[in-house]
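Working notes for the structure below.
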Amino acid sequence: MLYRPVRWLSRVSWRSLRSLVTRRPFPRFRLFSARHEDQPWLTRVLEDKWASLYTRHLFAVRTPLSDIKVGRPLTPPAGVDMTLAWRPIKDERVRKLAEEFIPEDVETATAGVANWVSYPDRMRFIVAYFRTYQRVGALYDVPFAAEAAEGLRAEMARGPLPESLPAPMAGRSRRRLYRFDFAPFLEAIPLDPSRK
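Counting in our numbering, the final residue of the sequence shown is number 208, and the numbers go up one at a time with none missing.
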């Protein structure tokens, strides 16, 4: 995802113009889906620079508390004791998984991500985030506003949704449109905060 703007600029844009003039198609999907390592050196360098710039300055994760800038060090929210959050993990399977990505030093573990495309760096940040924020109650609140919850309840009360909808334009290629039935998922989520 982070590489697409650079790939479009360096590999696709000028080929699109050439394709329009010559009326010959070109393998656009192959250019977009190729591995980073298989790109020409200039595209690889530009992709690395763009991913690093995007991660450090633009990429943020929205949470109920605030937006977390991924490129900056992870700071604990008010009321979180870091010694309690970073005590040894008791479950052996979870501990082995966390040790794979998290160093023992809390400052190193909560440092900002340099490049979100880097799997070890990304997983280190994700594990550090969950260890830091796992006791914050706001993250476990109902994700819907009261009006949205009422709308969802009303839709669920109408019964199961239709299997498929007819294609809007006859004569064109017919595609089946489906509506996803959210009822089993919404029944598992308590929509009323007072029932907690």
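Using N, Cα and C, we set each Cβ at its ideal position, and we do this for glycine too.
Counting C-beta neighbours from all protein chains within 10 Å, is the total for residue i 16 or more, i.e. buried, or is it exposed?
| i | result |
| --- | --- |
| GLY83 | buried |
| LEU29 | exposed |
| LEU32 | exposed |
| ALA72 | exposed |
| GLN51 | buried |
| VAL57 | exposed |
| THR144 | buried |
| ARG74 | exposed |
| TRP53 | exposed |
| ALA19 | The residue you asked about is not Ala; residue 19 is Arg in the sequence shown. Answer is buried; the Cβ neighbour count reaches 16. |
| SER78 | exposed |
| ARG136 | buried |
| LEU70 | exposed |
Can you tell me the Cβ-Cβ gap for residue i and residue j, rounded? I've got them flagged as a contact below 8 Å.
| i | j | result |
| --- | --- | --- |
| ALA150 | THR122 | Contact flag wrong, Cβ pair sits at about 19 Å. |
| THR55 | SER22 | 5 Å |
| ARG16 | PHE44 | 7 Å |
| VAL92 | ARG134 | Wrong, their Cβ atoms sit about 22 Å apart, outside the cutoff. |
Comparing the CB of residue i with every heavy atom of the ligand ADP, is any distance shorter than 7 Å?
| i | result |
| --- | --- |
| ALA158 | Inclusion of the ligand ADP in the displayed structure is not the case, the ligand content being empty and no account of it being possible. |
Which runs of the alpha helix (DSSP H) spanning at least 4 residues fall entirely within the region 42-95, listed in chain order?
53-69
Taking 8 Å as the threshold, find out whether the region 88-100 comes into contact with the region 62-72 through three or more Cβ pairs.
no
Any 3 or more C-beta pairs closer than 8 Å across the region 157-168 and the region 100-115
no
Give, in chain order, every unbroken run of the beta strand (DSSP E) that is at least 3 residues long and sits entirely within the region 84-163.
none
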